[in-house]
Each structure stands twice: as C-alpha cells, then as structure tokens.
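Okay, structure first, notes after.
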Amino acid sequence: MQIKILTDSCCDLPLSYVHEHKEVIALIGMPIHIDDEEYIDDLGLTLSHDFFYQKLMDGVFPKTSQINILVFFEKFKLSYEKGEALIYIGLSSGLSGTFNNAILAKEMFLEEHPDADITIINTLSASGGLGALVAHTTDLVEAGLTKEEVVSWIKTHVLKINHWFAIDDLEHLKNGGRIPAAMALVGTALKVKPILTLAHDGKIKAYASVRGRQKSMQFLYSRFAENIGRAEEKFVFICHAHCLEDALKMKEFILKEHNPRQIIVSELSATIGTHVGVGMLSVAFIGQNIREDK
Numbered sequence: 206m207q208i209k210i211l212t213d214s215c216c217d218l219p220l221s222y223v224h225e226h227k228e229v230i231a232l233i234g235m236p237i238h239i240d241d242e243e244y245i246d247d248l249g250l251t252l253s254h255d256f257f258y259q260k261l262m263d264g265v266f267p268k269t270s271q272i273n274i275l276v277f278f279e280k281f282k283l284s285y286e287k288g289e290a291l292i293y294i295g296l297s298s299g300l301s302g303t304f305n306n307a308i309l310a311k312e313m314f315l316e317e318h319p320d321a322d323i324t325i326i327n328t329l330s331a332s333g334g335l336g337a338l339v340a341h342t343t344d345l346v347e348a349g350l351t352k353e354e355v356v357s358w359i360k361t362h363v364l365k366i367n368h369w370f371a372i373d374d375l376e377h378l379k380n381g382g383r384i385p386a387a388m389a390l391v392g393t394a395l396k397v398k399p400i401l402t403l404a405h406d407g408k409i410k411a412y413a414s415v416r417g418r419q420k421s422m423q424f425l426y427s428r429f430a431e432n433i434g435r436a437e438e439k440f441v442f443i444c445h446a447h448c449l450e451d452a453l454k455m456k457e458f459i460l461k462e463h464n465p466r467q468i469i470v471s472e473l474s475a476t477i478g479t480h481v482g483v484g485m486l487s488v489a490f491i492g493q494n495i496r497e498d499k
C-alpha cells in the first residue's frame, strides 16, 4: 500500500519541495483572515508571501484559525479512495486545536470506513521543525520503508526536533498575548531580541533574551552547533519572516564549520508569520539528543 504524508501549511516547507515530492506529500492549508477576508495559507501558492508581509508591515494583524474537521474528512476520503495509507504530520497540539480536529475527523471517517489506514502524529513541533520532520519522513517513504517502520522512526525522533526562533518584532508577541505590553515597549526600546523554543509539551517557551540582531543570530548558531550531532545526515531548516538576507547569512555561518545534508531556506507561511511578525529568523533540525525542556 502506498504511503501518503499529509502535512499542514505550518510546516513552512518551500512550495517547490512539496511539488517535487508530490507523490508522497499532500498539503492541507490553515485558514487565515486578513482585513475580514478569509484566505487559505497554501505556502504562497495563492496567498503570496509578498502580499501577506506587506499587510503586516502596513500594521494589519491577521487572525488564524484551526483546520475544520470536515476539511480533514475530505482529505482522508481522497487518500482512502486512492488506496493509500495516510500519516498526518501536522502542527503541535500545544499550539492549535487542529490536532484534535484531525483525531475527531479520523474517528468519524473510521465509522464509515473501518478498513481505512490513518495514523495521526502529535509532532509537538511547528514551522521548520515540522518541516524537518516531514523531509526526513519523506526520505524514509521514498526509500521503501513500511508504514510501521516509518511511524516508529517518527515517534522516536519527535522530541529530538530542535526549534530556535529569534524574534525581531515584539508587537506580534504582545498582540498574541505571549508577552505583556510593558515588556514589549521596554524590549523594543532596549533592542532586546527574545529567543523562543518549543518545550516537550509542544508549546512555545521563552528561552533567552539577547540584545541586537547580530547577537541573536550568533545565539541561534551556537544552539545549532551544540545540538546538531552528525550534520551530514541532517536536513537543516532556516526559516525567515521576510528577511532573506539574514537567513542567507545564517546559512553562511553554518557552512563555515558544518556540512549538513541539505540546508533549506524558506520564508515563513502566513500562519506562523502572523504570530511572530516580520523579521523572525529560526533554525530547526533533528538533533542528536532529546531537546531541552525549558
């Protein structure tokens, strides 16, 4: 039975990567509201990154919502009709109700089609970390591993996914309720750049604060160098919120001392970009050990 990986637009994979591996990867988009209009975040296919980030820079604060149960149901139906075994690898349950909707949709679908082969993975990840998991899993599927082997590998590596986010715009963290208004005001005045990560519960946590962009980039690199292990075996994701120049600098930092299997530079999807704002830079990869739970 052919294996299909279903992921959502919070994986922040380049659209070209999804198209290149379309026999294995299927995408489901997160809904997003901008100026009272609903769009589907599809990694820039119809909701372009330029349009979205211009809205952010114009002071618009979009609103995101979770994927509807019926949307999942239709995706499951399409895969079932093709005779595929489905693995859903999506946004962390700690960040959205989307994971629970996938579970409910699976239960509904199995009532009608008890022979359907659907596995829902709680990745406890987001953005480039989710992208790295999808990329490695795609490799395994294309190499011919069984579904049981693929799922076992995923479960073993979920908590090895490292996410390091350097935030540049504190306004979006404030508006999302992640930091108080006073902290955003003081942090902006002092040029403090929060470093965020994902804890074991799949929720975003503040890890550190540094002053200035250069130091925040150096911090990201230090976390990468300390945790990557055998870089030549790993996909490394550098995701950016409309700051390609900094992302390419980060790539240069890494390549000076390391030789990853592949470095994928990708612009953040609208869903993730809504919550972190313009200028966010992140490095994500599957590390050698279980990630810190700070």
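According to my numbering, the stretch in the sequence shown is residues 206 to 499, in order.
The C-beta atom is built at its ideal place from N, Cα and C for all residues, glycine as well.
Bear in mind that the values here come from a model prediction, so they are computed numbers and not experimental data.
Answer yes or no: do Lys454 and Ile443 have a C-beta to C-beta separation smaller than 7 Å?
-> no
Could you have a look at Val483 and say whether DSSP puts it in helix, strand or coil?
-> coil
Per the contact definition of three or more C-beta pairs closer than 8 Å, is the region 430 to 440 in contact with the region 472 to 484?
-> no
Compute the Euclidean distance between the alpha carbons of Ile477 and Ser332, then round it to the nearest angstrom.
-> 7 Å
With 16 as the cutoff for other CB atoms within 10 Å, does Met502 come out buried or exposed?
-> Any question about residue 502 goes unanswered here, given that the chain covers just 206 to 499.
Below 8 Å, can you find three or more Cβ-Cβ pairs linking the region 242 to 257 to the region 363 to 378?
-> no
Could you give the residue range of the beta strand (DSSP E) that holds Phe266?
-> No beta strand (DSSP E) holds Phe266; DSSP gives it neither H nor E.
Going by DSSP, which residues form a beta bridge with Met235?
-> Asp246
Do the region 333 to 345 and the region 359 to 366 make contact, defined as three or more Cβ pairs closer than 8 Å?
-> yes
Whose C-beta lies closer than 7 Å to the C-beta of Tyr412 among residues of the same chain, with five residues either side of it excluded?
-> Ile400, Leu401, Thr402, Lys499
So what's His224 in DSSP terms, helix, strand or just coil?
-> helix
For Gly295, the first and last residue of its enclosing beta strand (DSSP E) = 290 to 295
Cβ shell of His254 (< 6 Å), same chain only, five flanking positions each side left out = Glu472
Consult DSSP for Thr488 and reduce its assignment to one of helix, strand or coil.
-> The sequence given here has Val at residue 488, not Thr. Residue state, collapsed to three classes: strand.
Apart from the five residues on each side of it in sequence, which residues of its chain come closer than 8 Å, Cβ to Cβ, to Ser298?
-> Phe304, Asn305, Asn327, Leu329, Gly407
Can you grab the Cα-Cα spacing for the pair His445 / Ser221, in whole Å?
-> 16 Å
Please confirm whether Ile359 and Ala310 have their CB atoms less than 7 Å apart.
-> no
When burial is assigned at 16 or more other CB atoms within 10 Å of the CB, is Lys439 buried or exposed?
-> buried
Closer than 8 Å by C-beta to Leu350: which residues in its own chain qualify, once you throw out the five before and the five after it? Chain order, please.
-> Trp358
Smallest Cα separation from Ala321: which of Leu232, Asp213, Tyr285?
-> Tyr285
Are the beta-carbon atoms belonging to Val470 and Ala452 less than 7 Å from one another?
-> yes
His238 to Phe266, Cα distance in whole Å?
-> 9 Å
Own chain, CB closer than 7 Å to Leu315, minus 5 neighbours either side, in chain order | Ala321
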